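Peer 1: In this note's numbering, the protein residues as written are 92 to 306.
The C-beta atom is built at its ideal place from N, Cα and C for all residues, glycine as well.
Note that the structure is predicted; figures quoted are calculated from it, not measured.
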Ligand code: AP5
């Protein structure tokens, strides 16, 4: 089963994708994580995209489609969760073609609908484990022991350079201009389901599972 989690920055895509990896053995393909790995490993591409990401703008279609293409040709496990991809109509078309070439389907596109006002609090309170990638929040999901990851015990807890109000405004602008047209695109393909991303984390997880079980 291959699915897309669609929603603005802070909608909870990464949080829910990690649950699906644990529960269903699916493979999370987050273009944001791939780009952050490229920047921290200092590759030429990583250097080129760093400033673009910090400004909250989108990286070029060519780069992200290339990253996804590389991952799709590898292991397929219980299917792919596309998290933060596609983000433009060109990326959506490219994904359709890539899946087609592999003889695979896109089984569900789940739009996680949230109120913009909630996103500032979500984004500015977020931190992640630099070792295992677990996502936390100062108020809604703190670590059990301050400064220590609940999952792997690492003390390498980090905040993202683009998790500030200015960058969030730009990221939201990019979302509404370039990504939100995908809602209509997938609706027209009968692939879209909408869930309430503002609900409590476990309730969001249950709503996603219910949608996947229908597909
Ligand atoms: P990316 O890393 O994809 O960031 P994003 O889309 O802005 O999404 P986020 O990771 O910020 O949010 P999320 O929805 O995963 O929320 P999370 O689960 O962490 O992209 C970063 C940048 O890379 C882009 O700006 C762009 O430059 C570039 N890029 C990436 N992909 C690209 C592409 N395809 N094309 C071009 N450029 C690309 O949750 C947020 C917080 O809320 C957490 O603290 C969490 O604990 C908390 N939370 C989650 N769910 C709930 C809940 N239900 N209730 C309360 N709190 C919750």
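Would you check if the distance between the CB atom of residue 248 and the CB atom of residue 101 is smaller than 7 Å?
Peer 2: The answer is no: Cβ separation not under 7 Å.
Peer 1: What is the rounded straight-line gap between the Cα of residue 129 and the Cα of residue 154?
Peer 2: Computed Cα separation, rounded: 11 Å.
Peer 1: By the three-class DSSP mapping on this structure, what secondary structure does residue 237 have?
Peer 2: Three-state result, residue 237: coil.
Peer 1: Label residue 240 either buried or exposed according to how many other C-beta atoms from any shown protein chain fall within 10 Å of its C-beta, with 16 as the threshold for buried.
Peer 2: With 16 or more Cβ atoms within 10 Å of its Cβ, residue 240 is classed as buried.
Peer 1: Should residue 201 and residue 117 be called a contact, given that it needs their Cβ atoms to be closer than 7 Å?
Peer 2: No.
Peer 1: List the residues that DSSP assigns as beta-bridge partners of residue 119.
Peer 2: Its beta-bridge partners are 172.
Peer 1: Rounded to the nearest angstrom, how far is the Cβ of residue 97 from that of residue 203, given a contact under 8 Å?
Peer 2: With a Cβ gap of about 7 Å, residue 97 and residue 203 count as contacting.
Peer 1: At which residues does the beta strand (DSSP E) containing residue 278 begin and terminate?
Peer 2: Careful: residue 278 lies outside any beta strand (DSSP E), inside the alpha helix (DSSP H) at 272-279.
Peer 1: Tell me the DSSP secondary structure of residue 161 in three-state form.
Peer 2: It is helical.
Peer 1: Can you tell me whether residue 203 is helix, strand or coil according to DSSP?
Peer 2: DSSP places residue 203 in strand when its eight states are reduced to three.
Peer 1: Output yes or no for whether 7 Å exceeds the beta carbon distance between residue 170 and residue 93.
Peer 2: Yes; because the gap between Cβ atoms is below 7 Å, this pair is in contact.
Peer 1: Would the region 290-298 count as touching the region 188-196 if we require 3 or more Cβ pairs under 8 Å?
Peer 2: These segments do not touch.
Peer 1: Determine the burial state of residue 119: buried for a count of at least 16 other Cβ atoms within 10 Å of its Cβ, exposed for fewer.
Peer 2: Counting Cβ neighbours within 10 Å, residue 119 comes out buried, since at least 16 surround it.
Peer 1: Let me make sure I understand the geometry here. Which of 224, 99 and 253 has the alpha-carbon closest to that of residue 243?
Peer 2: That would be 224, whose Cα lies nearest to the Cα of residue 243.
Peer 1: For a test of your reading of the model: does the CB of residue 134 fall under 6 Å from any non-hydrogen atom of the ligand AP5? Yes or no.
Peer 2: Flag unset: Cβ of residue 134 not near the ligand AP5.
Peer 1: Starting from residue 263, trace the beta strand (DSSP E) in both directions and tell me its first and last residue.
Peer 2: Element bounds for residue 263: not the beta strand (DSSP E) but the alpha helix (DSSP H), 256-265.
Peer 1: Between residue 178 and residue 270, which are expected to be in contact by the criterion C-beta below 8 Å, what is the C-beta distance as a whole number of angstroms?
Peer 2: Yes, residue 178 and residue 270 are in contact; Cβ-Cβ is about 5 Å, under 8 Å.
Peer 1: Can you check whether the CB of residue 199 is closer than 7 Å to the CB of residue 121?
Peer 2: Cβ atoms of residue 121 and residue 199: not closer than 7 Å.
Peer 1: From the DSSP secondary-structure annotation, give me the bridge partner or partners of residue 283.
Peer 2: Answer by DSSP bridge pairing, in chain order: 200.
Peer 1: Roughly how many angstroms separate the alpha carbons of residue 259 and residue 274, rounded to a whole number?
Peer 2: For residue 259 and residue 274, the distance between alpha carbons rounds to 20 Å.
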